[in-house]
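Since the structure comes first, as structure tokens, the remarks are kept for the end.
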Amino acid sequence: KTTMFLVNLLTRNDTDRFVPMFEIIYSLELIFIVLALVLATFVVLYIAREPKLPLTIRLRIISAILVDFVHLCSRIGVIHHQYYGPSEYVESSDLIFGSVMREIFLGYITALVAILALDRWVATKAWAWYESGARSTLIFFALQESILFSICAAVAVLVVNEYITDMESIYYFAVIVVFGASCFMIVYRHNLRVMRKMKRGAVVNQYSVARTYQIRENITLLRVFSQIARPLVIVCIPPFAFYPIFTHVPPNIGWDGLRFFSASMYDLWLSLASLVVISCLPYYW
Numbered sequence: 517k518t519t520m521f522l523v524n525l526l527t528r529n530d531t532d533r534f535v536p537m538f539e540i541i542y543s544l545e546l547i548f549i550v551l552a553l554v555l556a557t558f559v560v561l562y563i564a565r566e567p568k569l570p571l572t573i574r575l576r577i578i579s580a581i582l583v584d585f586v587h588l589c590s591r592i593g594v595i596h597h598q599y600y601g602p603s604e605y606v607e608s609s610d611l612i613f614g615s616v617m618r619e620i621f622l623g624y625i626t627a628l629v630a631i632l633a634l635d636r637w638v639a640t641k642a643w644a645w646y647e648s649g650a651r652s653t654l655i656f657f658a659l660q661e662s663i664l665f666s667i668c669a670a671v672a673v674l675v676v677n678e679y680i681t682d683m684e685s686i687y688y689f690a691v692i693v694v695f696g697a698s699c700f701m702i703v704y705r706h707n708l709r710v711m712r713k714m715k716r717g718a719v720v721n722q723y724s725v726a727r728t729y730q731i732r733e734n735i736t737l738l739r740v741f742s743q744i745a746r747p748l749v750i751v752c753i754p755p756f757a758f759y760p761i762f763t764h765v766p767p768n769i770g771w772d773g774l775r776f777f778s779a780s781m782y783d784l785w786l787s788l789a790s791l792v793v794i795s796c797l798p799y800y801w
């Protein structure tokens, strides 16, 4: 490949004729990033010390926040390059890292719902093992995260090296979202049915009590995750409306201002989405 798909979509050559619009957008994005980074630090400390949450759930939340944390930090370097870097095409390490991390972040948050569905399905079927909190449950969690991160990293490398297009990756993860959300709802409704059956005629013994606790925990966690998903979906709708404008409107036909605005708003709204979702975590938990 002679070029790479990098996320510094704009340069000063593009934005200087629209002063101060993009300076304002970059400033707002940096404010959102800093606030999200500070808040993420406190949320991780809070979640890590929350005894009411199962260990695997705490690790799940912390893992997702850390992925977002690295993505936001890499975004600062990309903004610096867009405003102060060279206007000609370059492939610097900070741009490559920022590009890979953005694709990993997008893939991670979209595919996470499928992994959550898998995790709760196993917790439903193997309730005795999951409820015991055995060390093997941590191994299972690490396996899930490894699979999720490996898939996202592989797609990110393919996109950045232009073996697949950015829009193809969006279509791919759109399918994953639909599939994951469907599985999520199936697992949630299955747990509700199991709970209703247990309430109608459960035999109270050590195993049924443990199973009841695990099913109740599944329902609570799935309900909380669905509540967290609502603000995430709301704040993520604008970015995925902005990006197609940038990619599908031809350049140099008099609509460059709209194209550049859409590209900058795409990144701005992704940073806002991180801030909103991280802010919601202490409220729901």
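Under my numbering, read the sequence shown as residues 517 to 801, first letter to last. Glycine included, C-beta positions come from ideal geometry on N, C-alpha and C.
If you ignore the 5 residues before and after residue 793, its C-beta comes within less than 7 Å of the C-beta of 744, 747, 748, all in its own chain and listed in chain order.
Taking a contact as a CB-CB distance under 8 Å, the pair residue 585 and residue 626 does not count as one, their CB atoms being some 18 Å apart. In this structure, DSSP gives residue 768 a state outside helix and strand, which the three-state scheme calls coil.
Taken through DSSP and simplified to helix, strand or coil, residue 542 comes out as helix. Using a Cβ distance threshold of 9 Å, residue 765 and residue 778 count as a contacting pair. With a contact defined as Cβ atoms closer than 8 Å, residue 620 and residue 560 miss out at about 19 Å. Taking all protein chains shown into account, residue 558 has fewer than 16 neighbouring C-beta atoms within 10 Å of its C-beta and is therefore exposed.
Boundaries of the alpha helix (DSSP H) harbouring residue 590: 571-600, taken from the DSSP string. Remark: fewer than three beta-carbon pairs, one from each stretch, lie closer than 8 Å, so the stretch 542-550 and the stretch 622-641 are not flagged as touching.
Under a 10 Å Cβ-count criterion, residue 639 is classified as buried, with 16 or more other Cβ atoms of the shown protein chains found around its own Cβ. DSSP places residue 714 in the helix class (H, G or I) of the three-state scheme.
Pairing residue 683 with residue 588, the inter-Cα distance amounts to about 22 Å.
Put simply, the backbone Cα of residue 674 is about 6 Å away from that of residue 680. Secondary structure at residue 617: helix, using DSSP grouped into helix, strand and coil. Residue 572 is positioned such that its CB atom lies closer than 9 Å to that of residue 653.
Counting along the chain, residue 646 sits inside the alpha helix (DSSP H) bounded by residues 643-648. Within the model, the alpha-carbon separation for residue 782 versus residue 762 is close to 9 Å. Between the alpha carbons of residue 732 and residue 789 lies a distance of about 30 Å. Between the beta-carbon of residue 785 and that of residue 741 there is about 22 Å, and that puts the pair past the 8 Å contact cut. In this structure residue 676 is not in contact with residue 595, their Cβ atoms being roughly 18 Å apart against a cut-off of 8 Å. The beta-carbon distance between residue 523 and residue 614, rounded to whole angstroms, is 6 Å. This is short enough to meet the 8 Å contact definition. Collapsing the DSSP output to three states places residue 603 in coil. Annotation: residue 643 to residue 634 spans about 13 Å, alpha carbon to alpha carbon.
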